[in-house]
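In this note's numbering, the protein residues as written are 5 to 700. All C-beta atoms in this analysis are idealised placements derived from N, C-alpha and C, irrespective of residue type, glycine included.
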Amino acid sequence: MTIEFSYPTWYVLICILLGLLYSFVFYRKEKLLNEVKRVVVYTMAFFRFISVFILTLLLLEPLIEIENQIIEKPVLVIAHDNSESLLVNKDSSFISSDYLISLSSFKEKLEEKYEVKTFTFGDEVKSGLEVDFTDKQTGVSDFLEELYTRYYGRNLGAVILASDGIVNKGSSPIYEIKKIKHTPFFTVALGDTLERKDLILNNIVHNRLAYKGNDFPVEIIVKGNQFEGSKAKVSITKDGIELFSEKVFFETSSDVITLSLLLEAKSSGKQRYVVNVEELAGELTYVNNKREFYIDILDNKQEILILAKAPHPDIAAMQLALEKNVNYEVNSTLIADYEGEGKNHSLVIFHQLPTGNKQHNTVIEKIIKNGVPSLFVLGSGTSYTHFNNYNLGVKLIGVNGVNNVTASVNTSFSQFTVSESLKESIPKFPPFKTPFAGNYKVANSSTVLLYQKIGVTVTDYPLLVFNEKNDSKYGFIIGEGIWRWKLNDYSNNKSHDNFNDLVSKMVQYLALKEDKSKFRVYCENTFLENQSVVFESELYNDSYELVNEEDVVIEITNQSGEVYPAKSFSRSGNAYRLDAGIFEVGEYSYNAIVTFGGEKLEQPGEFTVSELKTEYTNVVADHGLLYNIASNTGGEMFYPNELDSLAEAIFNKEEIVDISFIEKDVSDVINWKWIFALIMVLLSLEWFMRKRNGAY
């Protein structure tokens, strides 16, 4: 134990002198004590000296440093795999009964000498040793990360890892374990390493979305273990109706067969498909013979209408480019034959319109009035007087003849991304025939993608420009001859990819409808059965600013019509968030409700919880992984019937010992309560003696 001061040590002499001086001055001429014995006076003076000395000494802020020797027992961690695959083997009855009893006795034996901590791992890492083999995945790396976080710098004597070595979640434990240095891992090898007879529906690859009326691809991967020379039927059903079936033949003892097929999206909405592999006699389990998948079938293809004054190669070039995208349905017609108002279309492309024909222009005006996004391809047949009257963001003043120009890309354009390949190709495209205008008036709200390049001079005249007005988007291609760009793209690059990309990006930007609703709820379409269902929500005021003063609740209904108790969202920043927890496999609908500004707003939706069968796609234990973990860390591998031998090996491990270290504790003397008590006792004794001897 050492003592330190915040001030120089020689200040202690001043404290002594102050105590002596105070006592001397106080008792030197005390007449009331003349008849009192000298020894009593000296005692009272001593009490006064000690009290003053301690008080002044405390002003120096003395600190006491105490060294304590700490003995830390080794920590032993038992981590057990809690996944379903442990019960899919010939020893499942032993593992679920006698082995768990032996494991409990093994833990108690270790606790006699060590500090034992227990964990289970699978879907997640949990404290304790409640093993019920229900987890749907095995993530050893998650446990190793938890181990490193909790016991870094501690006396971690050893880790006992009990698993079948099958890892289907997270990274490889071989790499993660390198962070945990100087700690031996003893592994308990569970499961069966023999490959037993089984047909496994290994994987289904499919799109998440498809459009009604289209075919969508499905890929089915089937593995046959120990079924060489056998056949099995693979089928897909929907609502009990078989949509596809095929017999597959397994040539080897570990054959993997891939089936690729197309299914037609006939009905809109979330559709459930069931893939089934015929059950053959002698299989280890039939659980992995059947799986289901869900696809959202959308019935909202974007309809693109091309209205033209007359036939032109530009129209065919643009239509072919758009038809490459399965999300677009493109129709082209002459404006003289069109009588609609464009309400059902996502975008209307006007080619060399408007004209001087009043009937034609009336159609155009109706489409603009209905707020349908539009793309104008201007040319020699366009009436610029009528076009300028629309006041859509671009005006051409004093048009007289045509001019041949090439294109220059505006590098600051940010409405959508332009690929590097397209940026390099555009300046090489053939000249455009643009109207020769005396002046261009472009609204401040407009953005230019391409400028006109005349010779070697890049002008500020627009060639391709976009504008937004009254919540509708408009695009303007100022010139004709875009079909030449398509031919040139193929000539230079042996494909139409750059041209198709340009046309598709323009149309996608113009036709995209922004969500203007004030109440929005976001949720994934599909969750796995071990995942929490999470909702996020946003509420906007009239100025489209995020607000969250009001309470948002949600009601969830399962496929049987059962309504769960309503749940309330919590506020997250300026928005809302809800973790609704884990749901059973099935289809669910929801309805989120909020009352804002006296108006009740609702957002319905649906989601699906899918079954997770990862643990059944591979049931062959990987004891090689467990052996490598043990040997690379200085431990050993044991089998479940060798827990007594494992305990003996740990007891005999010389490196697993108590560690001793010195811990320094610094405390401020002024916080010691007994110092205060001592001062009070000294002053009280002095007062008592003075009073008793008449010096009061």
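Where the beta strand (DSSP E) containing residue i begins and where it ends
i       : result
Leu-338 : 332-338
Ser-10  : Premise fails: Ser-10 is in no beta strand (DSSP E) and is neither H nor E.
Val-279 : 273-281
Ser-547 : That residue, Ser-547, is in no beta strand (DSSP E); it is neither H nor E in DSSP.
Val-367 : Where Val-367 is concerned, there is no enclosing beta strand (DSSP E), although the alpha helix (DSSP H) it sits in stretches over 362-373.
Glu-268 : 258-268
His-355 : 351-355
Ser-412 : 406-413
Leu-379 : 378-382
Thr-191 : 189-193
Val-252 : 245-254
Asp-219 : 219-229
Phe-480 : 476-482
Nearest-angstrom Cα separation, counted from residue j out to residue i
i       : j       : result
Arg-575 : Thr-599 : 15 Å
Thr-187 : Ile-204 : 38 Å
Ile-105 : Asn-293 : 33 Å
Thr-386 : Val-409 : 18 Å
Asp-139 : Leu-516 : 43 Å
Asn-474 : Gly-375 : 8 Å
Thr-530 : Phe-125 : 24 Å
Ala-193 : Pro-644 : 7 Å
Leu-326 : Glu-343 : 23 Å
Val-511 : Asp-505 : 10 Å
Ala-214 : Leu-311 : 28 Å
Pro-4   : Gly-577 : This structure gives no information on residue 4, because the portion of the chain shown stretches from 5 to 700.
Val-403 : Phe-440 : 5 Å
Glu-149 : Ser-635 : 20 Å
Ile-7   : Ile-679 : 15 Å
Asn-335 : Gln-323 : 8 Å
Met-641 : Phe-110 : 16 Å
Val-29  : Glu-690 : 16 Å
Ile-170 : Tyr-277 : 29 Å
Glu-646 : Asp-202 : 29 Å
Under 8 Å between C-beta atoms of residue i and residue j
i       : j       : result
His-364 : Ile-339 : yes
Ile-3   : Ser-671 : Shown here, the chain extends from 5 to 700; a query on residue 3 therefore has no answer.
Tyr-155 : Lys-183 : no
Val-209 : Glu-223 : yes
Leu-532 : Leu-629 : no
Ser-664 : Ile-74  : yes
Glu-199 : Ser-131 : no
Asp-341 : Ser-429 : no
Ile-654 : Leu-114 : yes
Val-613 : Glu-588 : yes
Leu-400 : Tyr-444 : yes
Gly-483 : Lys-427 : no
Glu-472 : Ser-449 : yes
Ile-558 : Leu-543 : no
Local conformation of residue i per DSSP, three classes
i       : result
Pro-435 : coil
Val-112 : Going by the sequence as given, residue 112 is Glu instead of Val. Helix.
Asp-555 : coil
Ser-576 : strand
Leu-64  : coil
Arg-696 : helix
Asp-85  : strand
Lys-457 : strand
Phe-210 : According to the sequence as given, residue 210 is His; it is not Phe. Of the three classes helix, strand and coil, the one that applies to His-210 here is strand, per DSSP.
Gln-306 : strand
Ser-100 : helix
Gly-628 : helix
Gln-323 : helix
Gly-161 : strand
Arg-524 : strand
Lys-182 : helix
Element boundaries [alpha helix (DSSP H), containing residue i]
i       : result
Thr-124 : Thr-124 -> not in any alpha helix (DSSP H); beta strand (DSSP E) instead, spanning 119-125.
Thr-618 : 618-621
Val-511 : 501-515
Ala-584 : Taken as a continuous stretch (DSSP letters only), Ala-584 belongs to no alpha helix (DSSP H), as it is neither H nor E.
Lys-490 : 486-497
Neighbour flag for residue i against chain B, beta carbons, 8 Å
i       : result
Leu-605 : Of the protein chains in this structure there is only one, and it is not chain B.
Contact the stretch 299-310 vs the stretch 320-336: 3+ CB pairs below 8 Å: yes
Across the stretch 77-85 and the stretch 161-179, are there enough close Cβ pairs to call them in contact, namely three or more that are closer than 8 Å? yes
Do three or more CB pairs link the stretch 115-132 to the stretch 59-68 at distances below 8 Å? Short answer: they don't touch.
Within the chosen definition, does the stretch 50-61 reach the stretch 684-700 through at least 3 CB pairs nearer than 8 Å? yes
Taking 8 Å as the cut-off, does the stretch 548-555 touch the stretch 354-373 (at least 3 CB pairs, one atom from each stretch)? no
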